[in-house]
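Here the structure is laid out as structure tokens; the discussion comes afterwards.
Number of protein chains: 2
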Amino acid sequence: MKDSPANQTAPGSLALVGAGPGARDLLTLRAMQRLQQADTVFYDRLVDEEVLELAPASAKRVFVGKHVGAHAWPQDRINAVIVAEALKGRRVVRLKSGDPSIFGRAAEELTAARAAGIETEIVPGVTAACAAAAQTGLPLTERGVSDTLVLTTARCRAGDPLPDCARHAKPGTTIVFYMSVGQAPRVRDGLLRLGMPPATPVTIAVDVSKPGARTVSCGISMLSETIIQHEISGCAIIFITCPKYGSG
Amino acid sequence: MKDSPANQTAPGSLALVGAGPGARDLLTLRAMQRLQQADTVFYDRLVDEEVLELAPASAKRVFVGKHVGAHAWPQDRINAVIVAEALKGRRVVRLKSGDPSIFGRAAEELTAARAAGIETEIVPGVTAACAAAAQTGLPLTERGVSDTLVLTTARCRAGDPLPDCARHAKPGTTIVFYMSVGQAPRVRDGLLRLGMPPATPVTIAVDVSKPGARTVSCGISMLSETIIQHEISGCAIIFITCPKYGSG
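In the order they appear, the protein sequences are chains A and B.
Residues in the first sequence are numbered consecutively from 1, following the UniProt record's numbering.
Residues in the second sequence are numbered consecutively from 1, following the UniProt record's numbering.
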């Protein structure tokens, strides 16, 4: 989507670019092209050293330091620096892990840029759930087994109601938890309370598509112990296909 | 994920490759590379003429004719020809619209190939929901508005229970319907019955990322009329962010 700049004489542009799950070769051709044409690249978690290298040597690279569970830069400040940079007439690429529209805070950055009359674009990317499924060889939907896919997070912030994963845990649904390793006890308890059998298989895809990528499996009742035992922290995708149980 | 071939002397391989939503430049670099190395490419809906052109001129191209709502080739037959081709020692690419793991029938083709001892791999792709969000500029999750994304289909087949989109239509959830244009009345009725306000905005992204891509919006109560009025058929993504209503 492109918005025409309002009344800038030398308007810059902002592209929110999905960088995919980490591996450089999981970038799209369009993402690579935007990087190659960038004057300035804003990034947070660096998914792959080689991704940033796609930008010209002359491009400015700005780390805006968002890690899971630790926001070194508040979102408002990120919005402000991105907008300021584009208003200098530069082609700004804001690199987002995965796809910008899924847990990527895209709306806030787009709104700020549009308000300043900056041309905006989103370049979609491979979201972590798809990369995790590819890595493990387990489908996210399967005929006769699962016809609905739910992407959610068990994380919450002060004042927000906790996303209730349990409300979506119906037979025929695959639930994928993003950024939820720290919330494993809450996920486990929520699902067990529904009557999900304790041995229901859960898959944990760690460092998907990156060096050291691995897959760990367990029953839902052992989710927390398994995460501790395998020293899994941060960058992992937890997924589970809800079997037929209870009243459905 | 790679499985070692069991006891083939000249084993071929099968890569289920996500072709993304249609535009050639929304292929990943890895997808492009697999196409360039392919001996045989199986495809169904041709998303972009240029995508197939990435395969070598010498590569065999086989149309296995799956269109929305019309399966010219039964899945069993597709499985059989893919396996037979790989067993000849060929590098087989099975091109899938979007991401292979989401509504891509990946499990059936992988199971058939693994049973035959064929090395398999999934190359993830950009799924239609992400491309639709990028095209329309509307996020799929948004802080304080939507923290869960549901990908589903309102389609059904004989003997299957209809996927009940209503069970996932909770405040704070964005629901994306794939391949559901023909089921618009069912979607509308299901959501209205829940007490969703008739004016709740619905976005219909048509021919996402392809030539002629367009976006149409309406209130949920007008979904069917809008689809007819704009002559939307087949390739469209319908999405809706559930507002706070009813008991939640």
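The C-beta atom is built at its ideal place from N, Cα and C for all residues, glycine as well.
- For chain B, the residues of the segment 115-134 of chain A that bring a beta carbon within less than 9 Å of one of its beta carbons are THR120, GLU121, ILE122, VAL123, PRO124, GLY125, VAL126, THR127, ALA129, CYS130, ALA131, ALA132, ALA133, ALA134, in chain order.
- Measuring C-alpha to C-alpha distances from GLY117(B) to each of ALA132(B), PRO74(B), VAL208(B), ALA86(B) identifies ALA86(B) as the nearest.
- Under the criterion of beta carbons closer than 8 Å, GLY18(B) and ALA131(B) do not qualify as touching, at roughly 11 Å.
- Looking at the backbone, the Cα of SER97(B) and that of SER233(B) are separated by about 17 Å.
- Around the beta carbon of ASP76(A), fewer than 16 other beta carbons lie within 10 angstroms, which makes this residue exposed.
- Counting along the chain, no alpha helix (DSSP H) covers GLY219(B); the unbroken beta strand (DSSP E) around it starts and ends at 214-219.
- Approximately 16 Å separates the beta-carbon atoms of ILE82(A) and LEU35(A); this is outside 8 Å, ruling out the contact.
- For ALA15(A), the enclosing beta strand (DSSP E) covers residues 13-18.
- A residue is called buried when at least 16 other Cβ atoms come within 10 angstroms of its Cβ; GLY195(B) does not meet this threshold and is exposed.
- Exclusion of the five residues before and after ARG186(B) leaves ALA154 as the residues of its chain whose Cβ lies within less than 6 Å of its Cβ.
- Excluding residues up to 5 positions away in sequence, SER146, THR148, VAL150, CYS242 lie with their Cβ nearer than 7 Å to the Cβ of THR173(B) in the same chain.
- The contact set of ILE102(B) on chain A, defined by CB atoms closer than 9 Å, consists of ALA129, CYS130, ALA133, PRO139, LEU140, THR141, LEU149 in chain order.
- In terms of Cα proximity to CYS235(B), the closest of CYS218(B), LYS210(B), GLY219(B) is LYS210(B).
- Contact between the segment 211-221 of chain A and the segment 98-115 of chain A is not established, with fewer than three Cβ pairs separated by less than 8 Å.
- Along the segment 36-67 of chain B, none of the residues has a CB nearer than 9 Å to a CB of chain A.
- Residues of chain B with a Cβ closer than 9 Å to the Cβ of LYS210(A) do not exist, since the nearest Cβ in that chain sits about 14 Å away.
- Neighbourhood of THR153(B) in chain A, by CB distance below 7 Å: ASP147, in chain order.
- For the set GLU142(B), VAL92(B), LYS88(B), VAL126(B), the Cα lying nearest the Cα of PRO100(B) is the one of VAL126(B).
- Within chain A, ARG167 have C-beta atoms less than 7 Å from the C-beta of LYS170(B), given in sequence order.
- Between THR215(A) and ILE240(A), the C-beta gap is not smaller than 8 Å, which leaves the two residues out of contact.
- The secondary-structure analysis by DSSP pairs VAL123(B) across a beta bridge with VAL17(B).
- Rounded to whole angstroms, PHE103(A) and HIS230(A) show a C-alpha spacing of 26 Å.
- Checking the DSSP bridge columns, you'll see LEU95(A) partnered with VAL17(A).
- Taking the CA atoms as reference points, ARG24(A) sits about 26 Å from ALA59(B).
- Only residues of its own chain outside the window of five on either side were considered, and among them ALA55, ALA59, ARG91, VAL93 have a CB closer than 6 Å to the CB of ALA38(A), listed in chain order.
- For ARG30(B), at least one C-beta of chain A is nearer than 8 Å to its own C-beta.
- Taken in chain order, the complete alpha helix (DSSP H) segments of 4 or more residues contained in the segment 137-194 of chain A are 184-193.
- Between ALA84(B) and LEU16(B), the beta carbon gap of about 16 Å keeps them out of contact (Cβ cut-off 8 Å).
- Listed as beta-bridge partners of ARG61(B) by DSSP are VAL41(B).
- The CB of GLN33(B) comes closer than 9 Å to the CB of ASP25 in chain A, given here in chain order.
- With the criterion set as a beta carbon lying under 8 Å from some beta carbon of chain B, the members of the segment 79-111 of chain A are ASP99, PRO100, SER101, ILE102, PHE103, GLY104, ARG105, ALA106, ALA107, GLU108, LEU110, in sequence order.
- In chain B, no part has a C-beta under 7 Å from the C-beta of GLY182(A); the shortest such distance is about 16 Å.
- At a cut-off of 8 Å between beta-carbon atoms, GLY20(B) makes contact with chain A.
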